[in-house]
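Read in order, the letters of the sequence shown are residues 435 to 738 in our numbering. The beta carbon of each residue, even a glycine, is placed where N, CA and C say it ideally should be. Keep in mind that this is a model prediction, so the values were computed, not measured. Please read the structure below before turning to the comments.
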Amino acid sequence: MDGIFLQQLVNGLTLGSVYGLIAIGYTMVYGIIGMINFAHGEVYMISAYLAAISLALLAYFGIESFPLLMLGTLLFTVVVTGVYGFTIERIAYKPLRNSTRLAPLISAIGISLILQNYAQLSQGARQQGVPTLLEGAWRVDIGSGFVQLTYTKIFILVAAFVGMGLLTYVIKYTKLGRMCRATQQDRKMASILGINTDRVISYVFVIGAVMAALAGVLITMNYGTFDFYAGFIIGIKAFTAAVLGGIGSLPGAMLGGIILGISESLFSGMINSDYKDVFSFSLLVIILIFRPQGLLGRPLVAKV
């Protein structure tokens, strides 16, 4: 039982770290403009296709080294997905910035459906897949069982936390990060002080898309399969992780993703995989009842 528990804990930590990366996109956009980008899940889905296309191109040109494959795939996927994020902001959000709050929401849902159908028509409705790129595993015997940590999972964990660490550094210690924080606190005052808030909002969408691209590459490596509908399911779960951790909080997004991933994995492996989503969302409801702002969110203050 100890071996099963620890194995599911490792699986959940791997899954949760990727949920956290996607949740960052939701929480950053909400923190800056106070709205949810419901096309963000489809940005992740596009990045999965881009990762597979990149791997195929690199293999076609004879590149077989894992470090070179990963470097090329990450660069290609991050750059192109960032362009998608920038385009979504320009098309779905910027023209509606001074309209009612519902208009950008509906526009984002429309972009989500467009991206789904675009992927289906251009790549086909069937599941796509990539081969295992990193073979081997690290196995530890524990009592009557064992824990197996594949090299792929180790790479995913390291890449996810390095990505989160780099983003934290950018937000805390760079000029771009200071502009993002100023825009989040008071967009009108930031604009008066000379910050181009429109450009900052575009940067935030690009950063969110880059995090989704990293997640797309990592999940594609881990599971090996994806389709045009993959963004909807994982997008809902990443949004749940952002709310669980405290929407608007970067550490909260990562924490919420890890909690969601671990709870799903433990319930699936030790009780019943058919009801793992029921358990995860029930956990969300229970936590929000006692802490409506999420685990690391700011306390809610009633307006007088």
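About 20 Å separates the Cβ atoms of residue 452 and residue 581, ruling out a contact at the 8 Å cut-off. Going by DSSP, residue 579 is part of the beta strand (DSSP E) stretching over 579-584.
Residue 543 is classed as exposed because its beta carbon has fewer than 16 other beta carbons within 10 Å across all chains shown.
In this structure, DSSP gives residue 708 a helical state, which the three-state scheme calls helix.
The three-state secondary structure of residue 563, taken from DSSP, is strand.
The beta carbon of residue 650 is closer than 6 Å to those of 478, 481, 482 and 485 in its chain, skipping five residues each way along the sequence. In this structure, residue 655 and residue 567 form a Cβ contact; the two beta carbons are roughly 6 Å apart against a cut-off of 8 Å. Under the three-state reduction of DSSP output, residue 662 falls in the coil class, being neither helix nor strand. Membership of residue 571 in the beta strand (DSSP E) is indicated by the continuous run 571-576. The three-state secondary structure of residue 681, taken from DSSP, is coil.
In the three-state reduction of the DSSP assignment, residue 632 falls in the helix class. According to the DSSP assignment, residue 495 belongs to no alpha helix (DSSP H), since it is labelled neither H nor E.
In this structure, DSSP gives residue 470 a state outside helix and strand, which the three-state scheme calls coil. Put simply, the stretch 674-690 touches the stretch 711-729. At least three CB pairs are less than 8 Å apart. Taking every protein chain shown into account, the CB of residue 561 has fewer than 16 other CB atoms within 10 angstroms, so this residue is exposed. In this structure, residue 699 and residue 454 do not form a Cβ contact; the two beta carbons are roughly 14 Å apart against a cut-off of 8 Å. The continuous stretches of alpha helix (DSSP H) do not include residue 558, and DSSP gives it neither H nor E. Residue 627 carries a coil assignment under DSSP once its states are collapsed to helix, strand and coil.
Shown here, residue 488 sits in a helix according to DSSP, grouped into three states. Between residue 592 and residue 614, the C-beta spacing is not below 8 Å. Distance from the CA of residue 520 to the CA of residue 705, rounded to the nearest whole angstrom, comes to 42 Å.
Taking the Cα positions, residue 707 is about 13 Å away from residue 695. In the structure shown, the three-state DSSP call for residue 442 is helix.
Relative to the Cα of residue 569, the nearest Cα in the group 601, 440, 632 and 585 belongs to 585.
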